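*Asks:* Mind having a look at this structure? Questions to follow.
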Amino acid sequence: MTPEARAREQIDNRLRQSGWTIQDLKQLNLTVASGVAVREFPTNTGPVDYALFIEGAPVGVVEAKKDEEGQALTDVETQSSRYANSQFKWVKREYKVRFAYEATGELVRFTDYADLKYRSRKVFSFHRPETLKRWLAEPDTVRNNLKRIPQLEESGFRKCQISAIHGLDTSFSENRPRALVQMATGAGKTFTAITAAYRLLKYGRMNRILFLVDTRSLGEQAEREFMAYKPNDDPRSFSELYGVRRLKNSYISGDVQVCISTIQRMYSILKGEELDEQAEEIPFAEYVTAESKAPKEVVYNAKIPPEFFDCIIVDECHRSIYNVWSQVLSYFDAFIIGLTATPDKRTIGYFNENFVSEYTREQAVLDGVNVGEDIYLIETDVTKNGATILKQLIERRNRLTRAKRWEQMDEDVFYTQSKLDKDVVNPSQIRAVIRTFKEALHTTLFPYRKEVPKTLIFAKTDSHADDIVQIVREEFGEGNDFCRKITYSAQNPEAVLSSFRNDYNPRIAVTVDMIATGTDVKPIECLLFMRDVRSSNYFEQMKGRGTRTLSKDDLQKVTPSATENKDHFVIVDAVGVTKSKKTETRTLERKPAVSMKELMMNIALGARDEDTLTSLANRVIRLSRRMERSEHKQFKETVGQTAEQVAENLLNAFDEDVIQAKAQAESGALTPAPEQLAQTQKELIKQAVAPFQKPEVRDFIENVRRSHDQIIDSVNLDKVLFAGYDTNQEETADRVISTFKDFIEENKDEIIALRIIYNETYKKRPMVLKKLTELYQKLKAKGITVERLWDCYAIKQPDKVKKGTLAQLTDLISIIRFQMGYTDTLSPFADRVNYNFKQWTFRRNTGAVHFTAEQMEWLRLIKEHIITSLSILPEDLEYTPFDSKGGLGGFYRVFGEKYQEILDEMNEELVA
Numbered sequence: 001m002t003p004e005a006r007a008r009e010q011i012d013n014r015l016r017q018s019g020w021t022i023q024d025l026k027q028l029n030l031t032v033a034s035g036v037a038v039r040e041f042p043t044n045t046g047p048v049d050y051a052l053f054i055e056g057a058p059v060g061v062v063e064a065k066k067d068e069e070g071q072a073l074t075d076v077e078t079q080s081s082r083y084a085n086s087q088f089k090w091v092k093r094e095y096k097v098r099f100a101y102e103a104t105g106e107l108v109r110f111t112d113y114a115d116l117k118y119r120s121r122k123v124f125s126f127h128r129p130e131t132l133k134r135w136l137a138e139p140d141t142v143r144n145n146l147k148r149i150p151q152l153e154e155s156g157f158r159k160c161q162i163s164a165i166h167g168l169d170t171s172f173s174e175n176r177p178r179a180l181v182q183m184a185t186g187a188g189k190t191f192t193a194i195t196a197a198y199r200l201l202k203y204g205r206m207n208r209i210l211f212l213v214d215t216r217s218l219g220e221q222a223e224r225e226f227m228a229y230k231p232n233d234d235p236r237s238f239s240e241l242y243g244v245r246r247l248k249n250s251y252i253s254g255d256v257q258v259c260i261s262t263i264q265r266m267y268s269i270l271k272g273e274e275l276d277e278q279a280e281e282i283p284f285a286e287y288v289t290a291e292s293k294a295p296k297e298v299v300y301n302a303k304i305p306p307e308f309f310d311c312i313i314v315d316e317c318h319r320s321i322y323n324v325w326s327q328v329l330s331y332f333d334a335f336i337i338g339l340t341a342t343p344d345k346r347t348i349g350y351f352n353e354n355f356v357s358e359y360t361r362e363q364a365v366l367d368g369v370n371v372g373e374d375i376y377l378i379e380t381d382v383t384k385n386g387a388t389i390l391k392q393l394i395e396r397r398n399r400l401t402r403a404k405r406w407e408q409m410d411e412d413v414f415y416t417q418s419k420l421d422k423d424v425v426n427p428s429q430i431r432a433v434i435r436t437f438k439e440a441l442h443t444t445l446f447p448y449r450k451e452v453p454k455t456l457i458f459a460k461t462d463s464h465a466d467d468i469v470q471i472v473r474e475e476f477g478e479g480n481d482f483c484r485k486i487t488y489s490a491q492n493p494e495a496v497l498s499s500f501r502n503d504y505n506p507r508i509a510v511t512v513d514m515i516a517t518g519t520d521v522k523p524i525e526c527l528l529f530m531r532d533v534r535s536s537n538y539f540e541q542m543k544g545r546g547t548r549t550l551s552k553d554d555l556q557k558v559t560p561s562a563t564e565n566k567d568h569f570v571i572v573d574a575v576g577v578t579k580s581k582k583t584e585t586r587t588l589e590r591k592p593a594v595s596m597k598e599l600m601m602n603i604a605l606g607a608r609d610e611d612t613l614t615s616l617a618n619r620v621i622r623l624s625r626r627m628e629r630s631e632h633k634q635f636k637e638t639v640g641q642t643a644e645q646v647a648e649n650l651l652n653a654f655d656e657d658v659i660q661a662k663a664q665a666e667s668g669a670l671t672p673a674p675e676q677l678a679q680t681q682k683e684l685i686k687q688a689v690a691p692f693q694k695p696e697v698r699d700f701i702e703n704v705r706r707s708h709d710q711i712i713d714s715v716n717l718d719k720v721l722f723a724g725y726d727t728n729q730e731e732t733a734d735r736v737i738s739t740f741k742d743f744i745e746e747n748k749d750e751i752i753a754l755r756i757i758y759n760e761t762y763k764k765r766p767m768v769l770k771k772l773t774e775l776y777q778k779l780k781a782k783g784i785t786v787e788r789l790w791d792c793y794a795i796k797q798p799d800k801v802k803k804g805t806l807a808q809l810t811d812l813i814s815i816i817r818f819q820m821g822y823t824d825t826l827s828p829f830a831d832r833v834n835y836n837f838k839q840w841t842f843r844r845n846t847g848a849v850h851f852t853a854e855q856m857e858w859l860r861l862i863k864e865h866i867i868t869s870l871s872i873l874p875e876d877l878e879y880t881p882f883d884s885k886g887g888l889g890g891f892y893r894v895f896g897e898k899y900q901e902i903l904d905e906m907n908e909e910l911v912a
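In structure tokens:
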């Protein structure tokens, strides 16, 4: 069969799959089906390879080429255009050929001539006849509609959201197939995406949109947001205007305009398989079912053809555009919008460097959309320098069963941070970190809190997480509910996560990867890293767990002693994660979330791709480094070669130099033919995967990996070398103070009225307090609270700032006066009032008449009221806490006719 004939055969199959009836000219009968493709139909400029008829009228042409011409397929567009504008022989009815395809057996390109500035695009296969019929009946094309989208009504949107939507409008109007929206965590990516979806459906006249998410829980969250969304230009909700459906099986109703799905479910739908909902609870980065057998390419699905969706919105797109999952995106003939807070170079490349919005976390912090972080370092001797266990009787623990046994060491063991908590467990190191963290919580990190702020600890492994949980409970003297493990292997992790998010307990959660990305727990105020992270992208995602803003009322629901909005979070770095060198991507490990067992099974079931073999080679290398001498010997006896040889063979199978050299040696040619190179690589792959075909080899390798014991180091007691804020703390303080200076300048007129507040008569103070409240709300909108400002001034000028109990509003006056140079030191307003109260009562008690014990109780209550409210008026005595003592009448009973004099005097003296 010639290459041309082979290509024609494959094109015929694609057309039939897409619902077209194929006919030769001699068998022409356009009434047998709605869509008919006629081979070699004559025109006045020559025969067209395929003429496409719908309801008897010519609407399209297909130019067929052999596969080898795929690289020059765009050159064929001129030929297609010529045929499309030619006169079709024997056709006398009025017609216009609108659609053109250029195809090989492997590729299909498509052009719609009705598009303004029409441009060909690659499609998975031919569009179905009913699709072209629908397009012909519509008043205009989607791409033309997108050039006329009206301006956004901007009220209710953040600047970053407005910028993203304007960028998307421009991208769509220019017919760019892919667009990347980078928005910091918490900036409203989903809200922006729903707005874009609404505009695409209403103004772009799109038929259907797919919203792809990471997990089922995120799908449920997206569904709730779609249902609740109300556009600016219509009183009805989104769900009243358009059908929204989260996919729970392979059925998709025809009346749905927005489908929400996990990428693994959509993958299974395209493959014609059902998927259990439980499989959607794990992010697809961790999901391996689709790869537990030889990868199965996505094939044409008549129920869900490539044109089924006009646009795909991909949440967390930095994780979902690679390997097997990318087939979902490449299958559909759709615009693709990517949403992410942390794009890496691969993501940017995939979206053709079409950034429609760049809104970084740094900018989000400046705008008050996110909160910034402080970095607190804990450095211990064992963490930094490692330790040596001299040859002796030591305790070993099985990593999985936790069973312990005593064993005589063969030699001294030196371990570094990389082996800590994997090969060697030093409980003293974990305890030193947790104890130091506990001591710093209420003295340095959160001095005004009564309870432990919601804290997330990142552990290295599930076993490490278990050790941390036990030590945290011991060191804090708390029970099971106080600290819980949230990992995929833990029991009912979703319920524990919900409690961590919404309830008082647990106060501390320990995780490995489950909450590292994509999961919002807004009340988190502290991230404790007890594992290093080398991927810059992943580290940014992990930091994003703490950066969400939260109002005081919502924060107090889980942290009752909070007195302000969440204004920052703290990274406690116990392993040097904030200092370690980060990389964009991991070059060797291609499938970090697929277990070694799964990789071996993939190969046993036919996987021969580079990602699988390279990843397995990396796992074997890592295993080799951890194996003991006896295990190395047993490995060679069982497998027939050393672990190093197994890994080398796996890597060589895709090493171009190795393939070239072997092909040269076998063929004797200096430049082997492509066929020889392909055959040589096939042989190298066969040799590399041979050991993994044997079940006994797979079982042996898996057992060696799983049963590795850990040494329990109870000899080397750890000690803290340093605990304190990172040096970049001053940079953060500078940024906050600089924002505050700008705030003062912006609100200068209102602040002038507050300059002389201490000289105002007390009767005017309630009015001033009201103005001050309004001013403070503006400041908090920038993500800055009194506590945050006070801490920053303490960092920059520790000798001039006094710590103490803060009273928010009244202390804002102290900070403003300090910043504007009216005072040389910054002391809490409560200190000033307490000192004046002591002096005033001392002077009053030096006379003949002393205050009684009951009178002093009243005076102390009034003093506390002045601390928070600047003054006291008679009517204030009718409210809490004075009402419990009889209110104004009770005060009159205790002080008699001089009650007003006492109030006036306290207003003057205590705030002097």
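Letter 15 of the sequence shown, counting from 1, is numbered 15 in UniProt numbering, and no numbers are missing.
Glycine included, each C-beta is placed from N, C-alpha and C at the ideal position.
What you are looking at is a predicted structure, and each value in this text was computed from that prediction instead of being measured.
#1: What is the DSSP secondary structure of E153, counted as helix, strand or coil?
#2: Hey, how far is the Cα of A5 from the Cα of A37?
#3: Thinking C-alpha only, which one of F529, V558, L599 is nearest V570?
#4: Who are the near neighbours of R590 in its chain, counting only those whose CB is closer than 6 Å to its CB and skipping five residues on each side?
#5: Might you give, ordered along the chain, the residues of its own chain that have their beta carbon closer than 7 Å to the beta carbon of L146, omitting 5 neighbours on each side?
#6: When you compare the segment 175–182 with the segment 233–241, are there three or more beta-carbon pairs, one atom per stretch, that lie closer than 8 Å?
#7: Can you tell me whether M183 is helix, strand or coil according to DSSP?
#8: Measuring CA to CA, which of M409, V697, V91 is closest to Q634?
#9: Classify N29: buried if its beta carbon has 16 or more other beta carbons within 10 angstroms, exposed otherwise.
#10: Could you tell me the boundaries of the alpha helix (DSSP H) in which T680 lies?
#11: A723 lies in the alpha helix (DSSP H); which residues open and close that run?
#12: As a quick exercise: from E637, K96, G479, L677, pick the residue whose alpha carbon is nearest that of A653.
#13: Within this structure, are the beta carbons of A222 and T190 separated by less than 8 Å?
#14: D49 and V32: beta carbons closer than 8 Å?
#15: Using C-beta distances below 7 Å, list every residue in its chain close to T823, excluding the 5 sequence neighbours before and after it, in chain order.
#16: So is F842 buried or exposed if we call it buried at 16+ other beta carbons inside 10 Å?
#17: Does the separation of the CB atoms of K422 and K460 fall below 8 Å?
#18: Whole-angstrom Cβ separation of P150 and W20, contact assumed at under 8 Å?
#19: Take every Cβ of the segment 730–739, pair it with every Cβ of the segment 787–794, and state whether three or more of those distances are shorter than 8 Å.
#20: Got a sec, what are the start and stop residues for the beta strand (DSSP E) W406 sits in?
#21: Between the alpha carbons of E875 and L888, how many angstroms are there, rounded?
#22: Consult DSSP for Y198 and reduce its assignment to one of helix, strand or coil.
#23: What is the rounded straight-line gap between the Cα of E644 and the Cα of I701?
#24: Measuring CB to CB, does A164 end up less than 8 Å from T192?
#25: Does the contact criterion of 3 or more C-beta pairs under 8 Å hold for the segment 206–216 versus the segment 360–379?
#26: How long is the line joining the alpha carbons of S465 and Y229, rounded to whole angstroms?
#27: Grab me the residues of Q10's own chain with a C-beta within less than 7 Å of its C-beta, minus the 5 sequence neighbours each way, in chain order.
#28: Assign H850 to one of two classes, buried (16 or more other C-beta atoms within 10 Å of its C-beta) or exposed (fewer than that).
#29: Who are T388's beta bridge partners in DSSP?
#30: Quick check on L605 - is its C-beta less than 8 Å from some C-beta in chain D?
#31: So, D115 versus T141, is the Cβ gap smaller than 8 Å?
#32: L329 and I312 - do their beta-carbons sit closer together than 8 Å?
#33: Considering E273, what are the terminal residues of the beta strand (DSSP E) in which it resides?
#34: For Q17, which three-state DSSP category applies?
#35: Count the C-beta pairs between the segment 661–669 and the segment 616–636 that are closer than 8 Å, then say yes if the count reaches three, no if not.
#36: Among the candidates D374, C160, E864, whose CA atom is the shortest distance from the CA of A187?
*Replies:* Straight from the coordinates:
#1: Locating residue 153 in the sequence shown gives position 153, where the first residue counts as 1. Correct three-state label for E153: coil.
#2: Indexing the sequence shown from 1 puts residue 5 at position 5. Indexing the sequence shown from 1 puts residue 37 at position 37. Distance between the alpha carbons of A5 and A37: 17 Å.
#3: On the sequence shown, position 570 is the one that residue 570 refers to. Taking only the C-alpha atoms, the option nearest V570 is F529.
#4: To locate residue 590, count along the sequence shown from 1; it is residue 590. Because R590 carries a pLDDT of 40, less than 50, the predicted location of this residue cannot be relied on, and no value is offered for it.
#5: Position 146 of the sequence shown, counted from the first residue, corresponds to residue 146. Around L146: F172, S173, G204.
#6: no
#7: Residue mapping note: residue 183 aligns to position 183 of the sequence shown, counting from 1. Three-state result, M183: strand.
#8: In the sequence shown, the residue the question calls residue 634 occupies position 634. Ranking M409, V697, V91 by Cα distance to Q634 puts V697 first.
#9: Within the sequence shown, numbered from 1, the residue matching residue 29 stands at position 29. Its Cβ having fewer than 16 others within 10 Å, N29 is exposed.
#10: For the purposes of this step, residue 680 is taken as the residue at position 680 of the sequence shown. Counting along the chain, the alpha helix (DSSP H) containing T680 begins and ends at 674–689.
#11: Locating residue 723 in the sequence shown gives position 723, where the first residue counts as 1. Counting along the chain, A723 falls outside any alpha helix (DSSP H), though it belongs to the beta strand (DSSP E) covering 720–725.
#12: Walking along the sequence shown from the start, residue 653 turns up at place 653. The option with the nearest alpha carbon to A653 is L677.
#13: Within the sequence shown, the letter at position 222 stands for residue 222. Within the sequence shown, the letter at position 190 stands for residue 190. Yes. Within cutoff.
#14: Taking the sequence shown and counting its residues from 1, the one referred to as residue 49 is at position 49. Taking the sequence shown and counting its residues from 1, the one referred to as residue 32 is at position 32. Not closer than 8 Å, so no.
#15: Residue mapping note: residue 823 aligns to position 823 of the sequence shown, counting from 1. Excluding sequence neighbours, T823 sits near R817.
#16: Here residue 842 is taken as the residue at index 842 of the sequence shown, counted from 1. F842 comes out exposed.
#17: Taking the sequence shown and counting its residues from 1, one reaches residue 422 at position 422. Taking the sequence shown and counting its residues from 1, one reaches residue 460 at position 460. Yes. Within cutoff.
#18: Working through the sequence shown from its first residue, we reach residue 150 at position 150. Working through the sequence shown from its first residue, we reach residue 20 at position 20. Incorrect: roughly 38 Å between the Cβ atoms, too far for contact.
#19: yes
#20: Translated into the one-based positions of the sequence shown, residue 406 becomes position 406. It spans 404–408 - the beta strand (DSSP E) in which W406 sits, taken as one unbroken run.
#21: Position 875 of the sequence shown, counting from 1, holds the residue named residue 875. Position 888 of the sequence shown, counting from 1, holds the residue named residue 888. Computed Cα separation, rounded: 7 Å.
#22: Here residue 198 corresponds to residue number 198 of the sequence shown, with the count starting at 1. In the structure shown, Y198 sits in a helix (DSSP, three-state: H, G or I).
#23: Your numbering for residue 644 matches position 644 in the sequence shown. Your numbering for residue 701 matches position 701 in the sequence shown. Each residue's Cα considered, the two are about 13 Å apart.
#24: Your numbering for residue 164 matches position 164 in the sequence shown. Your numbering for residue 192 matches position 192 in the sequence shown. Going by C-beta atoms, A164 is nearer than 8 Å to T192.
#25: no
#26: On the sequence shown, residue 465 is found 465 positions in, with the first residue counted as 1. On the sequence shown, residue 229 is found 229 positions in, with the first residue counted as 1. Going by the sequence as given, residue 465 is Ala instead of Ser. Going by the C-alpha atoms only, they are around 39 Å apart.
#27: Position 10 of the sequence shown, counted from the first residue, corresponds to residue 10. The residues are G105.
#28: Position 850 of the sequence shown, counted from the first residue, corresponds to residue 850. Label assigned to H850: exposed.
#29: One-based indexing of the sequence shown puts residue 388 at position 388. BP columns for T388 point to F414.
#30: Here there is only one protein chain, and chain D is not present.
#31: Against the sequence shown, residue 115 aligns to sequence position 115. Against the sequence shown, residue 141 aligns to sequence position 141. Cβ distance < 8 Å, so D115 and T141 count as in contact.
#32: Here the question's residue 312 lines up with position 312 in the sequence shown. Here the question's residue 329 lines up with position 329 in the sequence shown. Going by C-beta atoms, I312 is nearer than 8 Å to L329.
#33: Along the sequence shown, read from residue 1 onward, the residue named residue 273 stands at position 273. It is not in any beta strand (DSSP E) - E273 carries neither H nor E in the DSSP assignment.
#34: The residue given as residue 17 occupies position 17 in the sequence shown. Helix.
#35: no
#36: In the sequence shown, the residue the question calls residue 187 occupies position 187. Ranking D374, C160, E864 by Cα distance to A187 puts C160 first.
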